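Visitor:
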Amino acid sequence: SAVISQKPSRDICQRGTSLTIQCQVDSQVTMMFWYRQQPGQSLTLIATANQGSEATYESGFVIDKFPISRPNLTFSTLTVSNMSPEDSSIYLCSVAGQSYGYTFGSGTRLTVV
Amino acid sequence: AQKITQTQPGMFVQEKEAVTLDCTYDTSDQSYGLFWYKQPSSGEMIFLIYQGSYDEQNATEGRYSLNFQKARKSANLVISASQLGDSAMYFCAMRGMDSSYKLIFGSGTRLLVRP
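These protein sequences, in sequence, are chains A and B.
14 is the number that the working numbering gives to position 14 of the first sequence; each next residue is one higher, with no gaps.
1002 is the number that the working numbering gives to position 2 of the second sequence; each next residue is one higher, with no gaps.
1) Report yes if the C-beta distance between Q1014/B and S1087/B is below 9 Å; otherwise report no.
2) Quick one, which of S18/A, V3/A, A2/A and Q6/A has its alpha-carbon nearest S84/A's?
3) Using a beta-carbon distance below 9 Å, is S1100/B in contact with chain A?
4) So which residues of chain A does E1061/B contact, with C-beta pairs closer than 7 Å?
5) Nearest-angstrom Cα distance between P39/A and A55/A?
6) At the level of alpha carbons, what is the spacing between P1115/B and A1018/B?
7) Closer than 8 Å by C-beta to T1060/B: which residues in its own chain qualify, once you throw out the five before and the five after it? Chain order, please.
8) Using a Cβ-Cβ cut-off of less than 7 Å, list which residues of the stretch 13 to 45 of chain A approach chain B; keep chain order.
9) Got a sec, what are the start and stop residues for the beta strand (DSSP E) I1079/B sits in?
10) Check distances from the C-beta atoms of the stretch 1043 to 1068 of chain B to those of chain A and list, in chain order, the residues that come in under 8 Å.
11) Nearest-angstrom Cα distance between T20/A and Y1064/B?
12) Whole angstroms is fine: what's the gap from N72/A's alpha carbon to M1097/B's?
13) Please return the same chain residues whose Cβ sits closer than 8 Å to the Cβ of R1072/B, not counting the five positions on each side in sequence.
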């Protein structure tokens, strides 16, 4: 299965600033997914990132707040913009595996103060 | 729209005993896939088991088995011979076989294995 390197693993940020999260995959993948996991909650899909096209956002998530870059088939970034304490969450990237399982990055624990 | 429901926020099990974690789903897709993931306190997502909607046999992976009842739209995870290391959050998830490939998660069950 694919191996994903996600950075940073954690960060503490000031409100009003932005943070960019990176995910690097060790193989080419068509689709990458970005999830948010709020404290004590399940994973919620933010958007699907396809190479060469605009990301597809889920209801409740907008590009201005969560811009996504997908410059090639092995890399993607998610930016959390104009952060507020409500954005404090774990953010995870994911790719679909060949044997049905989806692989996840190790997550970025974001705290906004 | 697809929906995954996990009605057990928390479960206890004695070490070496079996435990069943419930999952029901709702979808209008004829073809879909069901997944279970484990999330220990470290936060990583660990893939456990997969069941396709057209698979006639229940999926098994070591101590994990999936009790798939299609007519009842349930996909319960059975963990046999529980170990202390099984203490974690468990998420049921589903993917419809449309072109989006997106995975939708249930709310999760926190399992605590008692020694």
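All C-beta atoms, glycine included, are put in the ideal place defined by N, C-alpha and C.
Quick caveat: nothing in here was measured; it's all calculated off a predicted structure.
Guide: So, from the data block:
1) no
2) S18/A
3) yes
4) Under the 7 Å cutoff, chain A gives no residues; its nearest Cβ is about 10 Å from E1061/B.
5) 25 Å
6) 13 Å
7) I1049 and L1066
8) M31, F33, S42, L43 and L45
9) S1074 to I1079
10) G1043, E1044, M1045, F1047, Y1050 and G1052
11) 37 Å
12) 25 Å
13) T1024
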